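One structure below.
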Amino acid sequence: MLQTKSSLSAILCVIAASVLWGTTGTASAFIPDVSPLAVGAFSMGIGGVLLVLNAKNNLLSDRQKLLSKPSLLFIGSLCVAIYPLAFYSSMRLAGVAIGTVISIASAPFFTVIMERLISNKIVTSRWVISFIFGVVGVILLTLGKTQYLDINTQANNRILGVLLGLVAGLTYATYSWTARQMIENGVNSKSAMASMFGLSSILLLPSLLLTGENLFLDAKHISVALYLAIAPMFFGYLLFGQALRVIEASKATLITLLEPIVATILAIIIIGETFSPIGWLGMSLMVICLLLQVLKTPKLTGYRRRHALYK
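This is the structure in structure tokens:
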């Protein structure tokens, strides 16, 4: 049995956003001479500018609501700015496999902790089961497409990379939770995402002076950079914000575990990466994780309803 129409629509928005985000790795592979830090700063920075331009009327009408809780806006914007720098630095220091697993798998965990401790929302048993399937799936998926786990990486660098991966997961979780809080306070979803990403671009874009070498080297580099800013960042976060109007941030970030599946399939088809059977097993577990979020359980009554965990 499927979720309600509005909930299913929100889930589809997150799935669409995850598909767009899953193309970033393959697109970035076409400009290997550009620093990953520059790719992240440019795509999220320009994406933020586009979100502001798209939501300018909404921002004007919501300005009082946004300014009424400046701490949410400040924390969300800061986390948006930190996320790409922490994520790409984690992969560079700890290796692609470890950095990816830590960053992506930790985000739903951090989100649900914030919802429980700050928003006083209860963790559902379905969410916990989905999370277990999803995290194990991400690990197996990463192992399946990686020839080695960068065992030659220096221990100190690996530890720092893991810590930065946790920072990436925490910042992603935080700005997702922050956006949801803004929306619950009556802010339009476009305004919520645009305000955070717009302010973060003030920090991200100047960093290109230090990291942006070769970013605009030729037409190919410019095309890839613009694609990353427009498709995954602008449209992706527009869809993600739309979804947060209906579903909790913990559920949204859990569904975004679909992103590595898309990235892996594209890497196999376009880049020609190899993929072992253990990776297919991981992908299957992640599909189960997604189905658990899409399918609706029967309505509970009496004692079971009082002790059930909300969806």
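Residues in the sequence shown are numbered from 8 upward in steps of one, following our numbering.
Cβ coordinates follow ideal geometry from the N, Cα and C atoms, glycine included.
In this text the structure is predicted, and so the values were computed from the model without any measurement.
Residue nearest to residue i in terms of C-alpha spacing, selected from the options
i: L246; options: V41, S196, A274; result: S196
i: G168; options: V87, Y95, L73; result: Y95
i: A34; options: E280, Q249, V269, V231; result: V231
i: L292; options: L216, L265, I111; result: L265
i: S198; options: D40, L80, I111; result: L80
i: L215; options: V21, S42, T31, S113; result: S42
i: A284; options: G144, P77, A114, S25; result: The sequence shown places Pro at residue 284, rather than the Ala named in the question. Answer by Cα proximity: G144.
i: N127; options: A93, W184, P39, I146; result: W184
i: M200; options: S78, S84, S50, L74; result: S84
i: N64; options: K227, S202, L224, F241; result: S202
i: V4; options: M98, T30, S13; result: In the structure as shown, the chain starts at 8 and stops at 318, and residue 4 therefore has no counterpart that could be examined.
i: F49; options: I276, I229, L298, T271; result: I229
Own chain partners of residue i with C-beta closer than 6 Å, once the 5 adjacent residues on each side are dropped
i: L177; result: F117
i: L212; result: G52
i: G47; result: P91, Y95
i: A250; result: A17, C20, V21, A259
i: A36; result: I278
i: T181; result: C86
i: Y179; result: Y90, A114
i: A24; result: G243, L246, F247
i: G172; result: S97, G106, I109, S110
i: S13; result: V253
Residue i vs residue j beta-carbon contact at 8 Å
i: G243; j: L58; result: no
i: S207; j: A88; result: yes
i: E122; j: A256; result: yes
i: G54; j: A236; result: yes
i: R165; j: I109; result: no
i: V253; j: K72; result: no
i: L148; j: I268; result: yes
i: G102; j: F282; result: no
i: D40; j: N221; result: yes
i: I136; j: G289; result: no
i: T263; j: A45; result: no
i: A226; j: G29; result: no
i: A112; j: V142; result: yes
Neighbourhood of residue i by C-beta, 7 Å cutoff - its chain only, sequence neighbours within 5 removed
i: V119; result: V130, W134, S257
i: R187; result: L251, E255, A256
Neighbourhood of residue i by C-beta distance below 8 Å, restricted to the same chain and skipping five residues each side
i: W287; result: G151
Subject >> Every unbroken alpha helix (DSSP H) within the segment 112–160, with a cutoff of 4 residues, ordered by chain >> reply: 132–151
Subject >> Whole runs of the alpha helix (DSSP H) within the segment 32–72, excluding any shorter than 4 residues >> reply: 43–61
**OP:** Enumerate, from N- to C-terminal direction, the unbroken alpha helix (DSSP H) stretches of 4 or more residues contained entirely within the segment 173–243.
**Re:** 196–211, 215–218, 226–235
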